[in-house]
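Report on one structure; see the data block that follows.
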Amino acid sequence: MTTKRTSLLRRVLIAACVLVGLGLIGLFWLWSRGGGTPNVSVDYVAKLNEAAVSVPEADRGW
186 MTTKRTSLLR RVLIAACVLV GLGLIGLFWL WSRGGGTPNV SVDYVAKLNE AAVSVPEADR
246 GW
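Read the sequence shown against my numbering and you will find it ends at 247, with the numbers running on by one and no gaps.
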């Protein structure tokens with residue numbers, strides 16, 4: 186009886202390790218595809234912030 190239980194536990198642990206491994210590989214793939222690369226919107230926001238800094242705080246519309 187214990188051998189069947191051990192065999193089942195071993196299969197569950199192996200399946201869990203495989204799923205965790207595949208998940209980590211997927212996360213690494215997503216990170217490598219787009220992690221940390223600047224895009225146009227980041228530069229546009231920086232230019233807006235530059236313009237906002239040049240206007241005195243009392244004269245700002247917001």
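For glycine and all other residues, C-beta sits at the position ideal for the given N, C-alpha and C.
- Residue state for Arg196 is assigned as helix, using DSSP reduced to three classes.
- Arg245 carries a coil assignment under DSSP once its states are collapsed to helix, strand and coil.
- Between the alpha carbons of Leu204 and Phe213 lies a gap of roughly 14 Å.
- A distance below 7 Å between beta-carbons, with the five flanking residues on each side excluded, links Glu235 to no residue of its chain.
- Just so you know, the alpha carbons of Ser239 and Gly211 end up roughly 44 Å apart.
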